[in-house]
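Asks:
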Amino acid sequence: MENLHDKRKVYERSQLIESEIKQNPIEQFRDWFVEASDNPGISEANAMAVSTIEEDGCPRTRMVLLKAYTYEGFIFYTNYNSRKGKAIEKTHKACLHFFWPGLERQIIIKAQLERIAENLSDGYFHSRPKGSQLGAVVSPQSQEIPDRNFLEEKLRELEKQYESTEVPRPENWGGYLAKPYEIEFWQGRPNRLHDRIIYELIDGMDWKISRLAP
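Quick note: to get the numbering used here, add 8 to the position in the sequence shown (first position is 1).
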């Protein structure tokens, strides 16, 4: 067994105090996201973990790329028939998690999810590289397949089929809008006395801001 007891890091890059934060959590997210995007040590600031609850009651987490955010919430795309898609369709909830070690920060977002309009999914789908479009058509995401060749052969067939024509967006592929009702901002601090500021949506309108003990 490898002993990990001494693998420690001192967090001292920044602080998170009430007098400096935004009153709206989306604006606070924007400020942190811009910093993460501009940090050369962070290759994909928009990479986030998305956790859903499976039928056996166990959470399942996977990495997904955030593709847009507005005052309404956070948008990402997936196959609606995937394991994550089926879990979302059943509960309409998910937890999003951003972790930026270079800034010693993380953000945890609890949200209600709904499908975005089909024309928005169409627009994003056709903005992707053609290879990515074909990949979405080829893959029966989360389903069992016989081997890698199954995908490669299907891809070659579709490359010929759509060589000179537009690839239609699959009906089972599109975007979700994650509308937050709780957002926690975590900033690492010395002596493990980390800053934790949480925003909670009250009556669907106002944000209550509180500090949590680390």
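For each residue, glycine too, the CB sits at the ideal point set by N, CA and C. Quick caveat: nothing in here was measured; it's all calculated off a predicted structure.
Would you report the Cα separation of GLN195 and GLU174, rounded to the nearest angstrom?
Replies: As a first step, residue 195 is located in the sequence shown; it is residue number 187 there, counting from the start. As a first step, residue 174 is located in the sequence shown; it is residue number 166 there, counting from the start. So the two alpha carbons sit approximately 46 Å from each other.
Asks: Please report the distance separating the alpha-carbon of LYS168 from that of LEU104.
Replies: Here the question's residue 168 lines up with position 160 in the sequence shown. Here the question's residue 104 lines up with position 96 in the sequence shown. So the alpha carbons of these two residues sit roughly 38 Å apart.
Asks: Can you confirm whether the stretch 150-157 touches the stretch 186-205 when touching is taken to mean that 3 or more C-beta pairs between the two stretches lie within less than 8 Å?
Replies: no
Asks: Tell me the rounded alpha-carbon separation between ASN32 and PRO48.
Replies: Taking the sequence shown and counting its residues from 1, one reaches residue 32 at position 24. Taking the sequence shown and counting its residues from 1, one reaches residue 48 at position 40. ASN32 and PRO48: Cα-Cα distance of roughly 27 Å.
Asks: Could you have a look at GLY183 and say whether DSSP puts it in helix, strand or coil?
Replies: Translated into positions along the sequence shown, residue 183 becomes position 175. Residue state, collapsed to three classes: strand.
Asks: Exposed or buried, ASN87, counting other C-beta atoms within 10 Å across all chains shown (16 or more means buried)?
Replies: The residue you call residue 87 lines up with position 79 of the sequence shown. Under this definition ASN87 is a buried residue.
Asks: What do you get for TYR79, buried or exposed, if any count of 16 or more other CB atoms within 10 angstroms of its CB means buried?
Replies: The residue labelled residue 79 in the question sits at position 71 within the sequence shown. By the 10 Å Cβ count, TYR79 comes out exposed.
Asks: How about TYR132 and LYS187: do their beta carbons lie closer than 8 Å?
Replies: For the purposes of this step, residue 132 is identified with residue 124 of the sequence shown, where counting begins at 1. For the purposes of this step, residue 187 is identified with residue 179 of the sequence shown, where counting begins at 1. In this structure, LYS187 does not lie closer than 8 Å to TYR132 by Cβ.
Asks: From the beta carbon of ALA95, is the nearest beta carbon of chain C less than 8 Å away?
Replies: Absent here is chain C; the protein component of the structure consists of one chain.
Asks: Around the C-beta of GLN151, are 16 or more other C-beta atoms found within 10 angstroms, so that it is buried, or is it exposed?
Replies: For this step, residue 151 is matched to residue 143 along the sequence shown. Taking every protein chain shown into account, the CB of GLN151 has fewer than 16 other CB atoms within 10 angstroms, so this residue is exposed.
Asks: Given LEU220, which residues of its chain have a CB within under 8 Å of its CB, disregarding the five upstream and five downstream residues?
Replies: Along the sequence shown, one-based indexing puts residue 220 at 212. If we look at LEU220 and ignore the five residues flanking it on each side, its Cβ neighbours are GLU192, ARG204, ILE205, ILE206.
Asks: What residue range does the alpha helix (DSSP H) around PRO33 cover?
Replies: Stepping through the sequence shown from its first residue, residue 33 is reached at position 25. 33-46 is the span of the alpha helix (DSSP H), which, as asked, contains PRO33.
Asks: How would you call SER129, buried or exposed, if buried means at least 16 neighbouring beta carbons within 10 angstroms?
Replies: The residue given as residue 129 occupies position 121 in the sequence shown. Buried is the call here.
Asks: Just the Cα atoms here: how many angstroms apart are PRO148 and MET9?
Replies: Taking the sequence shown and counting its residues from 1, one reaches residue 148 at position 140. Taking the sequence shown and counting its residues from 1, one reaches residue 9 at position 1. Each residue's Cα considered, the two are about 39 Å apart.
Asks: Drop a sphere of 10 angstroms on the beta-carbon of THR69, count the other beta-carbons inside from all chains shown, and report buried for 16 or more, exposed for fewer.
Replies: Within the sequence shown, numbered from 1, the residue matching residue 69 stands at position 61. Per the 10 Å Cβ criterion, exposed.
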